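So the mapping is simple: the numbering used here equals the position in the sequence shown, first residue as 1, plus 20.
Glycine is no exception: its CB is placed at the ideal position from the N, C-alpha and C atoms.
For clarity, every value in this text was computed on a predicted model and none was experimentally measured.
Below is one structure, written out as structure tokens; comments come after it.
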Amino acid sequence: MSKKNSPCIGVCKFKRDGHCIGCSMTKKQKEMSKKLKKPKQTEAFFAMLVAQQEEMGGYGHWQGAYERKKKRS
């Protein structure tokens, strides 16, 4: 069984109005991401998260960090 895909990059510091400074998820979004079962749900969640990062700004580091994390998994 493969490891679940998560947008978390292991920073988990919720300092930007409740959003993680590493991935932009809120604690509630992080809980929700763990419950996603279907690939389409996960794909939609990632699309929402990337849009959220673009709206908030300051998350240019996430894509590279996420790709490195996937390679290690």
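Identify every residue that forms a DSSP beta bridge with residue i.
{"i": "F34", "result": "C40"}
{"i": "T94", "result": "Nothing about residue 94 can be read from this structure; the chain reaches only from 21 to 93."}
Quick one: grab the DSSP three-state call for residue i.
{"i": "K90", "result": "helix"}
{"i": "H56", "result": "The sequence shown places Leu at residue 56, rather than the His named in the question. L56 falls in the coil class under three-state DSSP."}
Please work out which residues of its chain come closer than 8 angstroms, Cβ to Cβ, to residue i, disregarding the five sequence neighbours upstream and downstream, and give them in chain order.
{"i": "M76", "result": "R36, H39, S44"}
If you measure from the beta carbon of residue i to each beta carbon in chain B, is any gap under 7 angstroms?
{"i": "S93", "result": "Among the chains in the structure shown there is no chain B, since it carries only a single protein chain."}
Enumerate in chain order the residues of its own chain whose CB-to-CB distance from residue i is below 7 angstroms, with the five nearest sequence positions on each side excluded.
{"i": "T62", "result": "N25, L56"}
{"i": "I41", "result": "V31, K33, K35"}
Skipping 5 residues on each side, what residues in its chain have a beta carbon closer than 6 angstroms to that of residue i?
{"i": "A85", "result": "I29"}
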